[in-house]
Structure formats: structure tokens, C-alpha cells
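Line by line, the protein sequences give chains A, B, C and D.
Going by this note's numbering, the first residue of the first sequence is number 102, and it counts up by one from there.
Going by this note's numbering, the first residue of the second sequence is number 102, and it counts up by one from there.
Going by this note's numbering, the first residue of the third sequence is number 102, and it counts up by one from there.
Going by this note's numbering, the first residue of the fourth sequence is number 102, and it counts up by one from there.
4 protein chains.
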Amino acid sequence: MFKIAVIGATGYVGTEIVRLLSQHPDVEITALGSKSFAGRKFSEIYPNYKNIIDMELMDIDIDTLCEKSDIFITALPHEASRDIIPELIKRGKRVLDHSAAFRFRKKEVYEAWYKTTHGMDDLLKDAVYGLPELYRDKIANCALVANPGCYPTCTILGLAPVIKNKLVHSDNIIVNAVSGVSGAGRKSDLAYSFCEVDSNFKAYGVTNHRHTPEIEQELSILGDDKVQISFTPHLMPIKRGMMCTSYLNLKDDIWTQESLYELYDKFYKDEFFVRVLTPGNVPETKNVAGSNFIDISVHFDKRTNKAIIISAQDNLGKGAAGQAIQCLNIMLGLDEKSGLCYPPFYL
Amino acid sequence: MFKIAVIGATGYVGTEIVRLLSQHPDVEITALGSKSFAGRKFSEIYPNYKNIIDMELMDIDIDTLCEKSDIFITALPHEASRDIIPELIKRGKRVLDHSAAFRFRKKEVYEAWYKTTHGMDDLLKDAVYGLPELYRDKIANCALVANPGCYPTCTILGLAPVIKNKLVHSDNIIVNAVSGVSGAGRKSDLAYSFCEVDSNFKAYGVTNHRHTPEIEQELSILGDDKVQISFTPHLMPIKRGMMCTSYLNLKDDIWTQESLYELYDKFYKDEFFVRVLTPGNVPETKNVAGSNFIDISVHFDKRTNKAIIISAQDNLGKGAAGQAIQCLNIMLGLDEKSGLCYPPFYL
Amino acid sequence: MFKIAVIGATGYVGTEIVRLLSQHPDVEITALGSKSFAGRKFSEIYPNYKNIIDMELMDIDIDTLCEKSDIFITALPHEASRDIIPELIKRGKRVLDHSAAFRFRKKEVYEAWYKTTHGMDDLLKDAVYGLPELYRDKIANCALVANPGCYPTCTILGLAPVIKNKLVHSDNIIVNAVSGVSGAGRKSDLAYSFCEVDSNFKAYGVTNHRHTPEIEQELSILGDDKVQISFTPHLMPIKRGMMCTSYLNLKDDIWTQESLYELYDKFYKDEFFVRVLTPGNVPETKNVAGSNFIDISVHFDKRTNKAIIISAQDNLGKGAAGQAIQCLNIMLGLDEKSGLCYPPFYL
Amino acid sequence: MFKIAVIGATGYVGTEIVRLLSQHPDVEITALGSKSFAGRKFSEIYPNYKNIIDMELMDIDIDTLCEKSDIFITALPHEASRDIIPELIKRGKRVLDHSAAFRFRKKEVYEAWYKTTHGMDDLLKDAVYGLPELYRDKIANCALVANPGCYPTCTILGLAPVIKNKLVHSDNIIVNAVSGVSGAGRKSDLAYSFCEVDSNFKAYGVTNHRHTPEIEQELSILGDDKVQISFTPHLMPIKRGMMCTSYLNLKDDIWTQESLYELYDKFYKDEFFVRVLTPGNVPETKNVAGSNFIDISVHFDKRTNKAIIISAQDNLGKGAAGQAIQCLNIMLGLDEKSGLCYPPFYL
């Protein structure tokens with residue numbers, strides 16, 4: 102059994118990681134770190150875990166943590182990472198991080214969009230972007246994995262087949278995205294209170310959401326071309342779930358609904374967690390809720406010669422914790438599906 | 102007091118019309134027609150109306166209806182309209198219809214997208230598209246008003262300033278739309294049951310939704326150019342509310358956030374029900390729920406030289422019943438705001 | 102036009118009062134007071150009011166307020182009331198207060214359950230409990246009205262017919278209550294965040310909720326007997342709405358479903374806002390949402406000789422703001438229904 | 102691996118059973134029966150199962166089913182059971198049934214409350230009520246298990262400690278219950294459509310819900326006394342979840358909060374799935390959603406000498422499918438927790 106520590110275990114991503122690890126046949130949770138709740142039982146903070154995980158939350162003490170665990174999953178405020186991650190790497194531990202700090206090839210991009218100094222940029226060259234469908238081999242062999250943002254995962258996997266094959270114009274791509282509320286994390290904030298959110302729908306971060314450069318970086322690498330997107334996220338009144346509806350102009354006038362579908366189906370035929378839906382079907386967030394699946398449909402809009410791509414995932418699943426476990430499995434040489442092969446919630 | 106009949110009063114649009122008429126100072130409901138519930142009290146079907154509107158629902162008998170009422174608001178299945186509307190017009194009554202039948206200039210478009218024969222196309226030449234912001238004068242003087250679809254209203258009002266002023270490329274317009282569930286009407290249908298819809302989000306009608314030609318017709322007239330859109334609606338788990346997020350390529354490289362806002366603010370400065378939000382704000386459906394307002398924000402995406410336009414309305418309000426009352430006021434020579442000037446629900 | 106000030110206008114009760122006053126034909130809002138948002142437009146805090154109420158929120162300055170207004174509706178934290186209400190009364194103004202401070206006949210009860218010193222108890226003797234169905238005449242002629250709590254209104258009106266007529270054992274009454282989330286007010290609090298509340302149901306304040314003594318006080322007066330209740334509130338994931346399901350043991354063995362219904366129907370036959378449902382119907386919160394109605398059904402449980410009484414209201418409506426307007430109308434000698442006679446939301 | 106058939110696999114209970122079986126280490130689904138969808142893939146009906154369970158649904162043919170499977174889990178309309186269950190028993194198969202038909206000791210009770218003839222009452226004497234906490238040994242050795250109703254499970258487990266120990270008056274018990282919408286099953290029914298249910302709360306089946314005699318039967322056996330309850334269920338706008346708040350009059354005047362808690366804690370100390378919460382905590386449905394746990398808190402109401410008991414479960418979990426798997430484990434001699442030992446959803 103591999104020994105895993107989760108640092109920042111009481112946020113929504115943290116608790117989802119704990120949920121998945123608790124069902125994983127090949128790993129063992131050996132430490133749960135939390136600044137806010139150190140000394141209390143995990144099941145006091147999340148009473149759903151009573152009798153399942155009553156482990157005590159511990160303060161973030163590097164020495165103790167390093168004794169207990171081999172691999173560290175970190176889900177911390179960006180600043181807190183700085184105190185911990187470089188030290189863990191120095192001590193030869195492997196880290197799977199959920200912050201944005203290690204997702205960018207260039208620290209300048211991070212610093213410009215996140216309006217802070219990086220401070221750990223010497224680690225950037227060895228960090229791997231933790232999207233298994235693109236970087237499986239690198240993930241297997243690295244010490245520091247940067248788990249992608251939720252919107253980037255949903256967008257990049259949706260667009261990869263047409264971008265990689267250079268089938269679309271790369272300068273006029275629209276990504277219209279919608280997220281459930283858990284994406285905002287666990288916090289006291291009027292803007293995310295029930296009465297403000299329920300029965301409501303709104304956009305946010307219009308023209309300036311911080312996941313934009315992350316998506317553009319990866320699509321540009323994938324398409325070997327400068328890819329530019331218009332990305333607009335929205336908040337919808339559900340807990341879990343994310344959908345990206347993307348609009349791309351096809352270069353050639355040769356496509357049909359069937360040929361686009363076949364392109365996608367073939368591209369992802371070996372990817373268990375990417376489910377390409379047959380023509381006539383569309384993704385629904387309930388079909389992926391609670392799981393590591395991402396459902397994708399591609400639609401040919403004959404009238405405008407566009408490909409419309411719809412991708413849906415659980416923002417806490419393939420968009421965060423599920424993907425983390427998928428990466429973890431790869432890092433540990435386990436079956437990539439280990440601990441992840443159950444049906445989504447639906448209800 | 103003007104005497105109004107509502108025919109098809111027990112659907113969700115019908116009941117919203119009744120709700121608004123019941124508060125209107127200048128009109129009186131003289132008949133409520135319903136095929137399904139004739140003979141029962143309106144407040145038996147919608148118990149919220151108990152002690153407010155206990156009027157009996159009547160069968161759709163033209164003679165009786167014509168005795169009682171001067172103006173008819175019809176919200177019927179498309180087929181049922183055929184039996185009633187031509188006859189009402191023949192008898193000199195004025196009709197405000199909620200079906201799609203009279204929204205199109207050419208019957209061929211209707212027949213192609215709605216897959217039926219029109220059968221009342223001799224009325225088309227005199228019908229007016231009931232969007233007051235565009236056709237106020239014609240509405241005032243006509244006998245037959247076709248209340249627009251909910252998505253078309255939300256889209257057209259959002260795009261009118263840039264289309265009318267020919268500021269954007271007309272062949273690459275994306276409209277990403279989201280609707281609350283009441284838009285599907287009141288019916289027993291597993292697809293709209295609580296357990297299937299709650300906590301879920303999905304697209305539908307991708308590349309082929311029937312509101313597409315309606316939007317294109319009106320935008321083409323407005324821009325005096327062939328306008329083509331990619332329109333994708335989605336279903337979200339709220340009762341009331343609709344949002345369109347539209348992406349348009351600006352022709353010129355001269356815009357700023359401020360100048361785009363000023364364009365919109367000026368365009369709608371005399372329109373009470375169109376609220377252009379100041380920069381930094383975005384529409385939220387709760388801010389228009391239950392009202393005839395449509396909130397619009399325009400965003401300049403400098404990186405891609407796009408205008409991103411977000412428009413939000415209540416699909417039952419400005420998208421249906423509210424707009425009907427606004428048209429009715431115009432038809433009757435009343436203050437356009439009469440009976441419509443109250444705050445949206447928010448909560 | 103009567104001149105009304107609302108002090109504490111930006112909480113959920115405050116904004117609902119503003120919503121109702123804005124539609125009231127006989128009154129005018131002359132001041133909106135807010136400690137937190139003084140100097141900003143009301144429509145900045147609640148953007149749904151844009152173009153409807155753009156009035157600036159003012160700091161709570163007694164002199165200015167007294168110049169502008171005749172009647173004051175206060176919805177403040179209990180402590181803030183202490184600075185304002187005695188002074189307003191001293192200056193001859195009339196006050197309609199939403200705190201608990203003036204609901205009790207004895208200051209000791211207030212101090213015991215609210216764990217604070219009262220500090221304004223010299224006003225108690227002249228304060229009237231603002232439940233129009235019980236204290237209409239007193240409300241008409243007093244300077245200080247204490248608007249009842251939401252649970253007490255829902256419970257007392259539900260139980261009044263059997264208590265007043267001494268038909269039930271007064272020592273074994275169960276009140277099981279459920280409230281929508283807006284009852285908790287507008288605040289940043291993790292416990293009321295969307296992800297914690299949505300799809301969840303829980304009890305709170307079991308055996309010790311502060312509305313218990315308020316209910317017992319009024320039922321004891323009404324029944325001229327010591328009435329004791331077991332009161333258990335729950336939180337449900339809706340914004341607006343409250344339901345009390347009460348269980349009472351009938352003293353005599355003479356009742357039928359029909360005779361119980363007749364008792365209720367007769368008891369409330371002159372009360373417009375209390376709708377007694379005919380046998381076979383049950384209250385639903387959507388039928389009262391957004392209104393001042395309370396719907397009540399009474400059920401005879403033959404097997405156990407119990408009366409089961411179900412009462413539903415909007416916690417912000419008859420449970421708070423609606424009732425405030427009803428009291429205001431009485432205080433001002435207006436038609437009690439003025440500004441309140443519209444259909445509930447349903448949708 | 103034990104071979105299990107699920108007959109009636111496409112209802113909400115059926116799909117939850119399939120979800121749980123798919124994760125169970127010791128059993129194998131060998132047949133999924135469905136009258137409505139025979140011939141289609143299970144994952145066509147529930148697309149969340151794509152790539153997880155693509156098994157074809159089969160018509161309900163006894164011969165084929167008996168070849169494939171050893172144990173049958175049936176979740177069928179009451180009538181359909183009649184064609185199948187007696188035949189399965191005759192052929193020596195074991196059956197775990199979800200209908201009400203085998204829950205009653207006397208066919209007369211079933212026939213009176215369900216208003217139908219039983220028709221399989223010769224099987225009643227050998228059927229066991231499938232509540233493991235009460236009938237574990239009998240379940241282990243029987244051929245026909247009647248899975249309890251959701252409300253009965255939630256109520257009986259909540260009340261068992263005080264009833265079994267004869268601590269409360271048995272003639273004045275109130276059970277106020279609330280259920281999520283999935284309890285109504287998967288069907289096209291206006292009453293369960295999103296727009297009718299969302300943001301709404303209502304009671305139903307007041308004084309006459311069919312789970313009443315089931316609860317009374319089991320509590321009477323448990324307390325060796327005639328137990329009579331007033332049971333009132335309500336519908337709340339969540340998918341999964343059930344709560345019973347029960348009010349009981351304690352016979353003696355000797356109790357404290359602590360002693361009541363200890364009674365409960367001791368009573369259930371060996372029951373993994375019954376979690377007795379420590380004083381100060383209350384059950385929340387999110388803490389049991391998706392699981393086989395039932396959370397119980399007991400509250401001493403000193404003022405009225407009552408025990409207030411709050412019990413929460415997932416109506417599809419411990420209230421249906423979870424309990425079925427627990428029974429199945431017992432029937433098969435497996436660890437009772439097998440396949441059920443994961444954290445509830447919370448989010």
C-alpha cells in the first residue's frame with residue numbers, strides 16, 4: 102500500500118480526494134493536513150465520514166508528514182504552497198499539486214494573470230502538467246505534477262482532436278463554460294450563499310478569467326500554433342458539474358456529422374475516462390457527477406461550417422480530485438483506473 | 102377598462118399572463134379559455150390564485166368569447182390556433198398570439214423548421230412581430246401581433262445595437278443560450294421531472310433549434326444584411342430565467358470597453374425595460390425574474406477584438422407574458438409600462 | 102401619501118418590505134436607512150431594483166429621518182434597535198419593529214431566551230403584538246407594533262381556532278416546522294452557503310428555539326390557559342417558504358373531518374389573508390410565495406383522535422414583510438389589503 | 102461470485118441497486134430485467150453507466166433468468182410481482198422483493214391499505230421483514246425477504262431503543278417525515294415535474310399514508326404492545342434524502358439528555374450502519390446521501406418530558422437499495438458491510 106498525505110484536506114477538492122482515496126484498493130491515507138482544523142477529527146468537519154474516516158487532522162509539519170507519507174497531494178491556497186512544496190521536493194518526495202503555480206511553462210504568464218510573484222519558479226522546468234491524456238509518460242516519471250484547472254481540463258480534452266489535427270482556425274475559438282458552485286471552494290461568502298445562488302444564473306470573469314492562459318498554453322502546444330480563445334465562465338445553481346460548449350470554424354468544407362464523430366471516437370478510443378457520445382446524444386452533468394469521466398459530443402453545424410463541441414465533467418471529479426487520483430495511479434505505476442471505476446451519481 | 106380574454110390560460114405562459122393582467126389597472130380579464138380544464142375554477146388548477154382569481158375556465162367557444170372580450174391573448178398549441186385565430190380576426194377582434202405561426206415573413210421558413218403546413222398564411226402579411234423596441238408603431242395599429250419567442254427576444258435585443266450599426270461581421274455570430282425549465286411548458290414529461298433536471302445541465306437542439314430562423318430573420322432585417330448565427334440552447338435547473346451570451350467579431354479596431362458601453366447605453370436610453378448595465382456589472386437572472394426587464398451588459402474582449410454581449414430576462418417575463426402585456430399596452434394606447442412597473446423577484 | 106422610512110433596508114426582510122411598499126398605492130418611501138451601505142444606491146445593493154428604486158441609502162440619523170418620515174419600519178439587529186426606537190417613540194413617531202424585543206409581555210421571558218438585557222422595557226406596556234387577526238384594534242391605535250416572528254405567525258394562526266375554542270389538550274402540542282433559507286437573513290456564513298444547503302435537510306434549535314416562548318405566550322392568552330408546545334424547526338433548500346405541521350389531541354370524541362373544516366372556515370371567514378383549504382387539499386409553499394397569504398388545512402386523524410393542522414406562508418411574506426404592510430395599513434386606517442392583493446408566485 | 106438478477110432495473114431503486122452491485126466485490130450482475138426497455142442497453146437508459154454497465158436489458162422470462170442467476174432482487178409494480186415471485190420461489194430461488202406485498206404479517210392489512218387482493222398470501226408465512234437490525238438471523242436463512250419501506254426503516258430504527266425498552270407511551274407517537282423526490286419513482290407525472298416541485302414544500306397522504314400500518318406492525322412487535330402513530334409525510338425539493346422527526350412522551354420523569362443518548366449509543370453500538378450522533382449534533386440528509394447509513398440523534402425535551410428523535414437516511418440507500426444489499430450480504434453469508442463501506446456524498 103502506498104502512503105499518501107493530503108494537505109489541505111478540508112476544502113471541497115480536499116474532501117473529494119479523501120473520498121476517492123478511501124475507496125482506493127492500492128493506497129492508504131496516512132496523513133490529513135489542515136491549518137484551520139488541526140487537532141480535530143476529519144469526521145467532525147465532514148460528518149458524512151463518521152465511522153469511515155475519523156482520522157485526526159494534523160498541522161502542517163514537514164518532518165512528521167515526511168515520516169508518514171511517500172506522496173503528497175496538496176490543495177492549498179497559492180501562498181501556503183510556497184512554504185511546503187519546495188521543501189517536499191528537496192526531501193525527495195513526490196507532489197501532486199492543485200494550485201496554478203506549476204501549470205505554466207513561463208513564470209511570467211502566471212505572475213501576470215495571478216498578480217503575485219511566483220517564488221518557486223526553479224521548480225517549473227521539472228513540473229508536468231497533469232493531464233494524463235496528453236502527458237501520461239511524463240507524469241509517470243516526474244516528482245511534481247500540476248493538476249490542471251477544471252475549465253482547462255474540460256476545454257482542452259474537448260478541443261484536442263480538432264486542434265491536434267489542425268482542422269480549425271486557431272484565432273476564433275469560443276469557449277462558453279458553466280460551473281457548479283463547489284468550484285468556488287468552501288468558504289463564507291455572501292456571493293455563494295444559498296439565497297444569492299439558488300434559482301440564479303450569471304457570468305463572471307468575462308474576458309479575464311485566469312484559466313484562459315492555461316487553456317491557450319496547452320492548445321498552442323498541442324496544435325503547434327498560437328491558439329487564442331474567448332473564454333466566458335458562468336455560475337449555475339448546482340453543486341457539482343461543469344460544461345463547456347465550444348464553437349470552432351472548420352478550415353475545410355469536407356466534414357459531416359459522421360466524419361467528425363469518427364475523428365473524435367478514434368482519437369479517444371483508448372481513453373477510458375473520455376466518453377465520446379454517439380451522434381444524437383449530448384452530455385449532461387448528472388451523467389458524470391461524482392466520477393472521473395468526461396463526456397464529449399461533437400456537432401457539425403453545416404449552415405456555418407462550424408464544429409460545436411460539448412464537454413461535461415464533474416468539476417470536482419475529472420476537473421480536480423478524480424484527475425488527481427488518475428495522475429497518482431500513473432505516478433505509482435498502478436492501473437490508471439484503480440479506485441476510479443464506478444458509475445457516476447446520476448441521482 | 103378593456104376586456105381581455107386569455108385563451109390557453111392554464112399553461113405556464115398563460116398563468117403568467119393572468120398574473121400580470123390581474124394587477125393591471127386598465128384592463129379586465131373577461132374570459133379564461135382552456136380546453137383541458139373547462140368548467141373548473143382557475144384557482145383549482147393554480148391554487149395560488151384562491152381568493153384572487155376564482156373565475157371559471159370556459160371552453161373555447163368563439164361566439165361566447167367574442168361577446169365577452171375585445172382583445173384575445175392566445176397561448177395555444179400551434180394546431181389549436183388554426184381553429185381560432187382566423188375566425189377572431191374575421192370578426193374584427195385583435196389578437197396577440199404566442200405561437201410561432203405569425204412570427205415569420207415567409208410561410209416557407211415556418212413550414213421548413215416546424216415541419217407542418219401553415220394553413221393561415223393569408224394572415225401573415227398583416228401580422229406584426231411583437232417586439233416593441235423594434236416595431237412599436239406597427240404594434241399600435243395592427244390586428245394580429247405575434248409575440249416573439251423567448252430566445253429571439255433575448256438575443257435580438259442583446260445584439261440590436263451592434264447589428265443595426267453594422268459594427269460586426271454578420272457571418273460568424275455565436276449565441277450561447279440557457280433557459281429555465283418553465284420554458285418547456287407545463288406537461289407530464291419524464292425529461293422535465295425533478296429528479297432528471299435538478300442538479301443537472303445539458304444542451305439541446307444543437308444546430309437545429311427552431312428559434313434560429315426567427316433570430317436570423319429579425320437580425321437580417323435590422324442589419325439590412327444576411328445575418329447567420331450559431332445558436333445553442335441549454336437547460337438549467339431553475340424555474341424562471343434565460344441568459345444569452347453572444348460572441349461577435351468587431352469589424353473595426355477602434356473600440357474600448359467604454360465606447361461599447363456608451364453605444365448600448367445610448368441605443369436603449371428611452372427603453373424602460375432594457376437595462377444596460379454599467380461596466381463592471383453582469384446580468385443575473387434573479388435580477389429580472391418575474392418582471393418585464395431585460396438586463397444587458399456588453400464586454401470588449403481586447404485580445405480577440407470581440408464584443409461579448411450578455412442578456413438576461415425572465416423567459417416567462419420579457420420572454421413571453423411580460424412582453425405580451427407590453428404589446429397589449431401599445432395596442433390599447435396605454436402607457437407602455439402600465440401594470441409592469443414593479444421590482445423583479447431577486448428572492 | 103403617507104411617508105414611510107425603512108431602517109435596515111438591505112436585509113432580506115428589509116428588501117421585501119421595500120418591494121411591497123414600492124407597489125403600495127397609498128404610501129411613499131421617503132427614507133431607506135442602512136448602516137452598512139449608507140451613501141450607496143439601493144439598486145446597487147439589489148440590482149433588481151435598477152430603474153425602480155435608485156434612492157440613496159442613508160445613515161441612521163434620527164433628526165434627518167424624523168424630518169422625512171411619519172412612520173418607521175425597523176428591521177435591525179436587536180442591539181441597534183435600542184439606539185433608535187425609544188428616541189423615535191419619544192418624538193411622537195410610530196414604529197413597526199421586526200425584532201423580538203417588543204413581542205413579549207414580560208421582559209424576563211425575552212431576557213431569558215435571548216440572553217441579553219432588554220433595556221427598553223418601559224416601552225413594553227404600550228407595544229402591541231402585530232398579528233392583525235388577533236389584535237387588529239390595538240394595532241390601529243398604538244405607537245409601537247412588534248411584528249411577530251415568522252414561526253409564531255404560522256403556528257398561532259394555524260392553532261387559533263382550536264385553542265380559542267378550548268377543543269384540544271393544551272399540554273401536549275407538537276409543532277413541526279420547516280423554513281426556507283431566507284429566514285436566516287442575508288449574511289456570509291458557511292452554514293448557509295449553497296453547497297452546504299442545497300439538496301440537504303436538517304433540524305436546528307431542537308428543544309430550545311427562541312420562537313417557542315413567543316408561541317406559548319400568545320396561545321396561552323388566546324386559550325386562557327397555560328399552553329405548552331414542543332417546537333422543532335428545520336431548514337429546507339428553498340429561498341422562501343415556511344410550513345408548520347401541528348399535532349393536537351382533541352378533548353372530545355365528537356369530531357369529523359367536515360366539522361373540523363367548518364370550524365376553521367367559519368373562524369377565518371372574514372380574514373382575507375387566511376385561506377382555509379377545503380378537505381382534500383393541502384397547503385404548498387409555492388401557493389403563498391411572495392404574498393401575504395397563509396394557507397391552512399385541518400385534518401381529522403380518526404385513528405388517534407387528533408387534529409393535524411398544516412399551515413404554510415412565505416416566511417418573508419405573512420411571516421415578516423407582508424404582515425408588516427398589513428399592520429401598516431391598519432395603523433394608517435387604510436384598507437387592510439391595500440398593496441397586498443396580488444397572486445402568489447407559484448413559479 | 103454470486104450471480105444476481107435485478108428485475109425492474111430501470112426504476113430509481115433499480116438503478117441504485119445496480120450502482121451498488123457494480124461496486125460489490127463478491128457478487129456479479131448476471132441479468133437485468135425490464136419490461137419497458139427489454140433489448141436496449143442499460144447504459145442507453147442511464148447514460149451515466151456508459152463503459153461501466155452496457156449489459157442488455159432482458160425481458161422477464163423466468164426460464165432464462167433462472168438459468169443465469171441464483172438470487173433475484175425484484176423492484177416491480179405490485180402486480181408484476183405476482184407473475185414472477187411465486188414461480189421463482191417454487192423453483193428454489195431466493196428473492197429479495199421491494200414491493201409491500203410481503204411486509205405484512207396479515208394479508209388483510211395489506212389488502213385494506215393497498216386496496217387490492219394479495220394473491221400470494223401463501224408465501225407470507227415464510228417471508229422475512231428485511232430490516233437487518235431486527236431480523237438478521239431470519240434474513241440469513243430465508244428464501245423470501247421483503248425489503249422494508251423507506252419511511253418504516255427510518256422510523257422504526259429511530260424509535261426502536263425507546264419502544265423495545267418500553268420507555269414511552271405507545272398511544273401518542275408523532276412521526277413527522279420528509280422525503281426527497283426520488284421516493285416517488287421514475288415516471289412522467291406533472292406533480293413531480295421540476296417546475297411544480299422546485300422551491301416548494303408540501304404534505305401528502307395526511308392521516309392515511311400506506312406506510313403507517315407497516316410502521317405500527319413492527320413497533321408493536323418490538324414493544325410487545327399495541328403501538329399507534331400519527332404519521333405525516335412531506336415532499337421536499339431534493340433528489341435523495343429522508344428525515345423523520347418523532348415525538349414521544351416518556352413514561353418516567355428520570356431522563357436527561359445524556360442518559361437518553363447513552364441508551365441509544367448502547368443500543369446501536371454493534372450496528373455499523375446506524376450512527377448515533379453525540380449530543381449537540383443533528384442528522385443532515387447530505388451526510389447519508391448515497392450510502393446505507395442512517396444517522397440518529399435523540400433529544401430530551403425537559404419542558405415537556407418528551408424524547409424527540411431525528412433520523413435521516415437516503416431514501417434510495419438505507420431506505421431501499423442500500424438495505425437490499427445489506428440483506429443480500431446476510432443472505433449470502435458475506436460480511437454485512439461488503440460493497441457498502443464508502444463515504445456518503447455530502448456534495
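Even glycine gets a Cβ: it sits at the ideal position worked out from N, Cα and C.
Listed in chain order, the alpha helix (DSSP H) elements of length 4 or more contained wholly in the region 332-399 of chain A are 358-368. Taken through DSSP and simplified to helix, strand or coil, residue 231 of chain B comes out as coil. In the three-state reduction of the DSSP assignment, residue 149 of chain C falls in the helix class, which pools H, G and I.
Residues of chain A with a Cβ closer than 7 Å to the Cβ of residue 404 of chain B are, in chain order, 329. For residue 362 of chain A, the nearest beta carbon of chain D is not closer than 8 Å to its own beta carbon.
Scanning the region 147-199 of chain B for uninterrupted alpha helix (DSSP H) segments of 4 residues or longer gives 163-169, 179-191, listed from N- to C-terminal end. Nearest in C-alpha terms to residue 142 of chain D, of all of D:172, D:128, D:158, is D:158. Only those residues of the region 140-160 of chain C whose C-beta falls short of 8 Å from the nearest C-beta of chain B are listed: 147, 148, 149, 150, 151, 152, 153, 154. Residue 204 of chain A is a Cβ neighbour of residue 250 of chain A, given a cutoff of 8 Å.
Taking C-beta atoms under 8 Å as the contact rule, residue 177 of chain D and residue 231 of chain D fail to qualify, at a distance of about 16 Å. The beta-bridge partner set that DSSP reports for residue 414 of chain A consists of A:343, A:395. Following the DSSP letters along the chain, one finds residue 119 of chain D inside the alpha helix (DSSP H) bounded by residues 113-123. For the pair residue 407 of chain A and residue 358 of chain B, the Cα-to-Cα distance works out to about 28 Å. Within 8 Å of the CB of residue 113 of chain A, the CB atoms of chain C belong to 296, in sequence order along the chain.
Under the DSSP assignment, residue 285 of chain D falls outside any beta strand (DSSP E); it carries neither an H nor an E label. For residue 294 of chain A, the secondary structure class from DSSP, reduced to helix, strand or coil, is strand. Beta-bridge partners of residue 129 of chain D (DSSP): D:104.
A straight-line Cα-Cα distance of about 53 Å links residue 266 of chain C and residue 238 of chain D. Cβ-Cβ distances below 6 Å link residue 129 of chain D to 102, 104 in the same chain, with the five nearest sequence neighbours on each side left out; the list follows chain order.
DSSP places residue 207 of chain D outside both helix and strand once states are collapsed to three, so it counts as coil. Secondary structure of residue 408 of chain D (DSSP, three-state): strand.
Residue 440 of chain B and residue 138 of chain A have their C-alpha atoms spaced approximately 54 Å apart. Neighbours of residue 293 of chain D in chain B, taken as residues whose beta carbon is under 7 Å from its own, are 294, 295 in chain order. Annotated as proximal: residue 280 of chain B and residue 416 of chain B, with beta-carbon spacing under 8 Å. For residue 258 of chain B, the enclosing alpha helix (DSSP H) starts and ends at 251-265. Contact check for residue 418 of chain A against residue 389 of chain A passes: the beta carbons are separated by less than 8 Å. Excluding five sequence positions before and after residue 297 of chain A, the CB atoms of its chain that fall closer than 8 Å to its own CB belong to 291, given in chain order. Under the Cβ distance rule, residue 340 of chain D counts among the residues neighbouring chain B, one pair being separated by less than 8 Å.
Residue 319 of chain C counts as buried, since at least 16 other C-beta atoms from the protein chains shown sit within 10 angstroms of its C-beta.
With respect to the 8 Å criterion, residue 369 of chain B and residue 316 of chain B are not classified as neighbours on the basis of their beta carbons.
In the displayed model, residue 421 of chain C falls within a helix according to three-state DSSP. Here the alpha carbon of residue 392 of chain A sits roughly 21 Å from the alpha carbon of residue 148 of chain A. Annotation for residue 402 of chain A: 409 place their beta carbon closer than 7 Å to its own, counting only its chain and skipping 5 residues before and after. For residue 434 of chain C, the secondary structure class from DSSP, reduced to helix, strand or coil, is coil. Against residue 283 of chain D, the close residues of chain B are 296, in the order they occur along the chain (beta-carbon pairs closer than 8 Å). Here residue 245 of chain A is bridged, per DSSP, to A:196, A:228.
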